[in-house]
Structures are given as C-alpha cells and as structure tokens.
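Sequential numbering from 445 applies to the sequence shown in this note's numbering.
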Amino acid sequence: MHAVHTLQRLGHAVAVFHRGRTNNGLPPEVQQIRGEVSQLIDYRARFKAFRPDTVVHMLLGRTADAQQAVSIFQGIA
445 MHAVHTLQRL
455 GHAVAVFHRG
465 RTNNGLPPEV
475 QQIRGEVSQL
485 IDYRARFKAF
495 RPDTVVHMLL
505 GRTADAQQAV
515 SIFQGIA
C-alpha cells in the first residue's frame, strides 16, 4: 500500500483492484475496483474507463498471469 499512498500524495489519480476482503485503509480519493484476479478480464471495461497511464500488477505468480495482464491492458495503458 506504500506505493498507492505515495502516488496519491504526489497528485496522481490512483485505482486499486482488490478482493475487498479486508479494510485496506485507502484514502477516499483512491478508486477501488473489487473482484477476483482470476476474473480480471471481466473488469476490462472498468479499467478502460479509468484510463490509466500505467498499470502496476503486484501479484504475478506465473508467466501465464503476466501474459494475461498484458493482454487485458493492451490498448488501455
């Protein structure tokens, strides 16, 4: 969460995709998109609406996960 807080403090618009199972203490200015990473493709329209310049994926366990993330965000960020 340090990266999120730092980016937000520096004036960047920040969105976080997470499962929503815990109280994460994010500032209200941070957009939260709740869902399961295994269903990431289902949220492509939400990501596109946010219009990110950059995506930082913090949970890439396998090469296939990285490839999926790249394909989902291709043309978005």
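Even for Gly, the Cβ is constructed at its ideal location relative to N, Cα and C.
According to the neighbour-count rule (16 or more other Cβ atoms, all chains shown, within 10 Å of its Cβ), is residue i buried or exposed?
| i | result |
| --- | --- |
| residue 514 | exposed |
| residue 485 | exposed |
So, residue i versus residue j, is the Cβ gap smaller than 8 Å?
| i | j | result |
| --- | --- | --- |
| residue 470 | residue 500 | no |
| residue 483 | residue 462 | no |
| residue 517 | residue 494 | no |
Where does residue i fall in DSSP's three states?
| i | result |
| --- | --- |
| residue 453 | helix |
| residue 521 | coil |
| residue 463 | coil |
| residue 488 | helix |
Quick check: what's the CA-CA separation for residue i versus residue j?
| i | j | result |
| --- | --- | --- |
| residue 497 | residue 478 | 20 Å |
| residue 560 | residue 473 | Within the shown structure, residues of the chain are numbered from 445 to 521, placing residue 560 beyond reach of any answer. |
| residue 452 | residue 446 | 10 Å |
| residue 505 | residue 480 | 14 Å |
| residue 467 | residue 460 | 13 Å |
| residue 489 | residue 465 | 22 Å |
| residue 510 | residue 487 | 16 Å |
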